Amino acid sequence: MHRGHRTLLLTATASYAVVAAGVLTTSPLVRLDWHVAMFKPYKQWPCAQGPLDVFVVAGQRGPTAVAALAWLGWRSWRTGSARPVLVLGTALALLNASVGAVKLGAGRLGPHYAHTVGSAELFHDGMIFPSGHTANGVVVWGTLAYLAGRHRRAARVAAGLMAFGIGLATVYLGTHWVSDVLGGWAAGALVLLSLPLLEPFVAAAERRLGRFGRFGQGGGGGQDGRGGQDGRGGRGGRLGGPDRLGARSPPARRPRPCPTRSVSR
0 MHRGHRTLLL TATASYAVVA AGVLTTSPLV RLDWHVAMFK PYKQWPCAQG
50 PLDVFVVAGQ RGPTAVAALA WLGWRSWRTG SARPVLVLGT ALALLNASVG
100 AVKLGAGRLG PHYAHTVGSA ELFHDGMIFP SGHTANGVVV WGTLAYLAGR
150 HRRAARVAAG LMAFGIGLAT VYLGTHWVSD VLGGWAAGAL VLLSLPLLEP
200 FVAAAERRLG RFGRFGQGGG GGQDGRGGQD GRGGRGGRLG GPDRLGARSP
250 PARRPRPCPT RSVSR
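So the sequence shown is residues 0 to 264, counted in numbering that gives the first Met the number 0.
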């Protein structure tokens, strides 16, 4: 792990801890939660509610996971490498475990179900902190950018804008507190920053899948799951050719020695 990656990982961890501590201690962050919730942005600007109700679906785990798996599954089949699907599956499993555990432990209620003004609404069997919508948006869109082969910089910018917009949309709609969204951004960033550390496990799983035919032959050289810069995978040749499907090439024939003739004198 290089120094920049370590710094980002520590920053995300510290940010997550600060937000969680601010919620647990009913700090000024909780007062900000209540000010925004009582302002009710969805009533201040009602015209935006319809479009944002649709846009926020981009953060729901079910639809985004299905769409991302379909896209990455096609890429895996095309390149002969299971890495894209394995990376996304690893990211989603880590997200569900880490965010789900904190949600169960906090038990926080959302703005629409809050009981006491000024309270952090913790330990009421809620499932609102951190924001799963926001964390899922960070992880799914961020993983797609992480796996991007071309236009990776543009993909990262697009992923950042999607995650930022999804978080703000949940605050506008009143489904999450501001601190929920801050925690969701930090939780999602932690999952993304952990993916490079889990690459050895992904590579091991891909090697095991390689025993069953097509997958695992595509070469896991590049970060986009492609074997080389041309996107063809480990053995070269055209996609779908005999060597991509695992067929054996005929053994090379040795040249036969020329017959020697005996000259009688």
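Glycine included, every Cβ here is placed at the ideal spot set by N, Cα and C. Because the structure is a prediction, the values reported are computed rather than measured.
Rounded Cβ spacing between residue i and residue j (contact assumed at less than 8 Å)
i      : j      : result
Gly187 : Ala147 : That pair is no contact at about 17 Å.
Gly183 : Gly166 : 6 Å
Gly99  : His175 : Not quite, the Cβ-Cβ distance comes to about 16 Å (not below 8 Å), so this is no contact.
Pro62  : Arg74  : Between Arg74 and Pro62 the Cβ distance is about 19 Å, and since that is not below 8 Å, they are no contact.
Ala90  : Leu194 : 6 Å
Tyr171 : Ala47  : 7 Å
Contact check, residue i vs residue j, beta carbons under 7 Å
i      : j      : result
Ala105 : Phe128 : yes
Trp140 : Ala158 : yes
Thr142 : Leu87  : yes
Ala204 : Tyr15  : no
Leu28  : Ser178 : yes
Leu93  : Val190 : yes
Arg152 : Ala144 : no
Leu208 : Ala81  : yes
Arg107 : Gly136 : no
Tyr41  : Gly173 : yes
Segment limits, alpha helix (DSSP H) that includes residue i
i      : result
Glu120 : No alpha helix (DSSP H) contains Glu120, which DSSP labels as neither H nor E.
Ile127 : First-last for Ile127: undefined, no H or E at that position.
Lys42  : Pro40 to Gln43
Tyr15  : Arg2 to Leu23
Ala154 : Arg151 to Leu172
Ala92  : Arg82 to Ala105
Arg210 : No alpha helix (DSSP H) holds Arg210; DSSP gives it neither H nor E.
Trp73  : Arg60 to Thr78
Ala185 : Val177 to Ser193
Val53  : Gln48 to Phe54
Closer than 6 Å: residue i CB and nearest the ligand HEM heavy atom
i      : result
Met161 : By its list of ligands, the structure shown contains no ligand whatsoever, and the ligand HEM lies outside what it can speak to.
Using 8 Å as the Cβ pair cut-off and three pairs as the minimum, do the stretch 128-137 and the stretch 43-53 touch?
By the C-beta criterion, the stretch 128-137 is judged not to be in contact with the stretch 43-53, since fewer than 3 inter-stretch pairs fall below 8 Å.
Is the number of C-beta pairs between the stretch 115-123 and the stretch 28-35 that are closer than 8 Å three or more?
By the Cβ rule, the stretch 115-123 counts as touching the stretch 28-35, because three or more pairs are nearer than 8 Å.
Would you check if the stretch 193-209 and the stretch 11-28 touch, i.e. whether three or more CB-CB distances between them fall below 8 Å?
These segments do not touch.
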